[in-house]
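S.K.: Below: one structure in structure tokens.
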């Protein structure tokens, strides 16, 4: 044949394999994760997430440069989420609505719930996507920092082993952050049809709880110290210190195990509220 | 085997009964689901899909129970909602491919079928652009494509011509008809526009206030609705005199402008023609016109429905008021 011809073969029946719920949930998860970073979306959806990614990576690059000059360790692996709470909070506030509010606002949920998945599958796949994205934002720079530390300041195998152990602790800390913050962001976004409201609400929770925790900590006799447990910043910081270093920040403050217990309770409560919201949501 | 079978299916939203012990069997083919706004069409479709929980009663779709086997049902059914349901920031290719995967297609098959169904519904280069920039007609096509991407056995279309201009309506109806006839897919089209359903459906199910009013083939509706229009010279007095005489011999005549309309009994049309002709002759009136008229289906259902027009729209508005 000398010329190619395009045939309109039109609609075809499909008799190939049909994968079950598991594949559907994985697809929801991947679609959510792509959306969080603006992939498959117009350019303006990519601006904010990639700006945050850039902000997260800048400090490690500076630290590695400093370490290569001085030859000594600068910072520890658990510093990351603490000192970069602000970009993490901005990412959460801006992108959690991307996952949930958008589907409510544009009434996309009937398209999902008329397919062979459960409502809980939808909510949990989105939650997993949010947690993964938050974790990637923390773990990516830490990975670079670890590689940089090995390259610049590890001179014998003992150094590298130490670096690796510290890196593992840093990743564990990142997991706690990602789970608690991810669940917090989604549970708020699940109740907002409009993206702007969800963003404002997430920021509001951060600001108000921090302000309250700060104000309570100023009360006499440490009577307001339990306020530390209800702000994401201080709760996660307490959790980090307790888990990674075995002590609390302030010896006469909150019992250290309380940070762990309260974190777990918060996560459980957030997930239950999220699931209930999607069980009840009108389609 | 019916594709849909309901038994005393009931759905209440607080005090409002959207489906009132509805019992109906819908056979394969292109079936119209007709009723005024608020008659319960959308509610029925949503209950069948498990988007709403029935208050009472039972239903089977493709032989599977909608409550205990809801997931299997949803794997075999394609649904096109009435309202806007497309996120504006993704392309048709991205959305339909994703929804194909959520419906259970493997990745490669989802990609291939997305291209096929988008071509089938008539979306070409624009399918790579974000949906937010599409016209209403293009959006309706994307909605149809996402319902078809996993090659369902049954297609549930809720007001597929919503918001379309006349040309767009014609194209959408032709597309629905082609999908139903060429590929042998069972299709249920819900609409409040009888004229549209008449054109593409083989069978009509009429619901009103959540109850079944009629379920029959299009042919039987139109057969039952053959009418005879009579017009005589002499204006309104002559017309009314004829009507009075016809009533005397037990023929019910309705005034329609200058003409009178009588129903033609399907079993003996000739006798009716004779009776009317003889009555006109007896009265010494001049017969201007005597013609068979094919009643439009809409006339059948128009009269007693006004009472329900002001019922609250069922569906998401009600659900939201109740649940959120």
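Residue numbers (this note's numbering), protein chains in the order written: chain E, 3 to 285; chain A, 184 to 507.
Glycine residues also receive a C-beta, built at the ideal position from the N, C-alpha and C atoms.
At 3 residues or longer, what runs of the beta strand (DSSP E) sit wholly inside the region 332-394 of chain A?
M.R.: Here the runs fully enclosed are 337-341, 369-374 and 386-391.
S.K.: Taking only three categories from DSSP, how would you classify residue 313/A?
M.R.: Here residue 313/A sits in strand by DSSP.
S.K.: Let's see if you can read the secondary structure: which residues bound the beta strand (DSSP E) around residue 226/A?
M.R.: Looking at the DSSP string, residue 226/A is not in any beta strand (DSSP E); the run it does join, the alpha helix (DSSP H), is 224-232.
S.K.: Which chain E residues sit within Cβ distance under 7 Å of residue 257/A?
M.R.: Ordered by position in chain E, the residues that pass the 7 Å Cβ test against residue 257/A are 116, 117 and 118.
S.K.: Give the list of continuous alpha helix (DSSP H) stretches no shorter than 4 residues that lie fully inside the region 394-480 of chain A.
M.R.: Entirely contained in the region 394-480 of chain A, the alpha helix (DSSP H) runs reaching 4 residues are, in chain order, 401-407, 418-431 and 452-466.
S.K.: Which residues, in order along the region 261-284 of chain A, keep a beta-carbon less than 8 Å from a beta-carbon of chain E?
M.R.: Within the region 261-284 of chain A, the residues whose Cβ lies closer than 8 Å to some Cβ of chain E are 262, 264, 266, 267, 268, 269, 270, 271, 272, 273, 274, 277, 281, 282 and 284, listed in chain order.
S.K.: Pair every Cβ in the region 163-178 of chain E with every Cβ in the region 118-127 of chain E, then say whether three or more of these pairs are closer than 8 Å.
M.R.: No, the region 163-178 of chain E does not touch the region 118-127 of chain E.
S.K.: Give the range of the beta strand (DSSP E) segment to which residue 196/A is assigned.
M.R.: Element bounds for residue 196/A: 187-196.
S.K.: By the three-class DSSP mapping on this structure, what secondary structure does residue 74/E have?
M.R.: Of the three classes helix, strand and coil, the one that applies to residue 74/E here is coil, per DSSP.
S.K.: Taking a Cβ distance cut-off of 7 Å, strictly less, list which residues of the region 25-50 of chain E are near chain A, in chain order.
M.R.: For the region 25-50 of chain E, which is checked against every Cβ of chain A, the residues closer than 7 Å are 25, 26, 29, 30, 33, 42, 43, 44 and 47.
S.K.: For residue 203/A, name the three-state secondary structure that DSSP assigns.
M.R.: Residue 203/A: strand per DSSP, three-state reduction.
S.K.: Find the nearest neighbour of residue 317/A within the set 243/A, 196/A and 272/A, judged by alpha-carbon distance.
M.R.: Measuring from the Cα of residue 317/A, the nearest candidate turns out to be 272/A.
S.K.: Check whether the Cβ atoms of residue 20/E and residue 366/A lie closer than 8 Å to each other.
M.R.: Not closer than 8 Å, so no.
S.K.: Quick check on residue 248/A - is its C-beta less than 8 Å from some C-beta in chain E?
M.R.: No, residue 248/A lies away from the interface with chain E (no Cβ there is under 8 Å from its Cβ).
S.K.: Looking at the C-beta of residue 20/E, does it have a partner C-beta in chain A at a distance below 8 Å?
M.R.: So yes, residue 20/E belongs to the interface.
S.K.: Tell me the rounded alpha-carbon separation between residue 37/E and residue 276/E.
M.R.: Distance between the alpha carbons of residue 37/E and residue 276/E is about 20 Å.
S.K.: Note the first and the last residue of the continuous beta strand (DSSP E) segment covering residue 113/E.
M.R.: Taken as a continuous stretch (DSSP letters only), residue 113/E belongs to no beta strand (DSSP E), being part of the alpha helix (DSSP H) at 111-115.
S.K.: Once the 5 residues before and after residue 95/E are set aside, which same chain residues still bring their CB inside 6 Å of it?
M.R.: So the qualifying residues of the chain are 201, 204 and 205.
S.K.: Specify the secondary structure class of residue 239/E as computed by DSSP and reduced to three states.
M.R.: Reduced to three states, the DSSP call for residue 239/E is helix.
S.K.: Where does residue 217/E fall in DSSP's three states?
M.R.: In the structure shown, residue 217/E sits in a helix (DSSP, three-state: H, G or I).
S.K.: Would you tell me roughly how many angstroms separate the C-alpha atoms of residue 441/A and residue 434/A, rounded to the nearest one?
M.R.: Each residue's alpha carbon lies about 18 Å from the other.
S.K.: What is the residue span of the alpha helix (DSSP H) that residue 263/E lies within?
M.R.: That run of the alpha helix (DSSP H) goes 258-282.
S.K.: Could you tell me whether the Cβ of residue 134/E comes closer than 8 Å to any Cβ of chain A?
M.R.: Judged by the 8 Å Cβ criterion, residue 134/E is not in contact with chain A.
S.K.: Taking all protein chains shown into account, decide if residue 237/E is buried (16 or more other Cβ within 10 angstroms of its Cβ) or exposed.
M.R.: The residue in question, residue 237/E, is buried, as its Cβ has 16 or more Cβ neighbours within 10 Å.
S.K.: Tell me, please, whether the CB atom of residue 108/E is closer than 8 Å to any CB atom in chain A?
M.R.: Yes, because at least one Cβ of chain A sits closer than 8 Å to the Cβ of residue 108/E.
S.K.: Counting pairs of beta carbons, one from the region 321-339 of chain A and one from the region 369-376 of chain A, are three or more of them closer than 8 Å?
M.R.: In short, these stretches touch, since the Cβ pair count reaches three.
S.K.: Under the rule that 16 or more other beta-carbon atoms within 10 Å means buried, what is residue 225/E, buried or exposed?
M.R.: Result: exposed.
S.K.: Since residue 248/A sits in a beta bridge, which residues does DSSP pair it with?
M.R.: Its beta-bridge partners are 243/A.
S.K.: Please report the straight-line C-alpha distance between residue 163/E and residue 67/E, rounded to a whole angstrom.
M.R.: Distance between the alpha carbons of residue 163/E and residue 67/E: 21 Å.
S.K.: Around the C-beta of residue 47/E, are 16 or more other C-beta atoms found within 10 angstroms, so that it is buried, or is it exposed?
M.R.: Buried is the call here.
S.K.: Given this structure, state the Cα-to-Cα distance separating residue 210/A from residue 388/A, to the nearest angstrom.
M.R.: Using only the alpha carbons, I get a separation of about 11 Å.
S.K.: Could you please give the first and the last residue of the uninterrupted alpha helix (DSSP H) stretch that includes residue 263/A?
M.R.: Careful: residue 263/A lies outside any alpha helix (DSSP H), inside the beta strand (DSSP E) at 260-263.
S.K.: DSSP state of residue 233/E, grouped into three classes?
M.R.: Residue 233/E: coil per DSSP, three-state reduction.
S.K.: Should the region 237-252 of chain A be regarded as contacting the region 288-299 of chain A, the criterion being three or more beta carbon pairs within less than 8 Å?
M.R.: Not touching, per the Cβ criterion.
S.K.: Taking only three categories from DSSP, how would you classify residue 274/A?
M.R.: In this structure, residue 274/A counts as strand in the three-state DSSP scheme.
S.K.: Cβ of residue 369/A less than 8 Å from any chain B Cβ?
M.R.: The structure shown contains no chain B; its protein chains are E and A.
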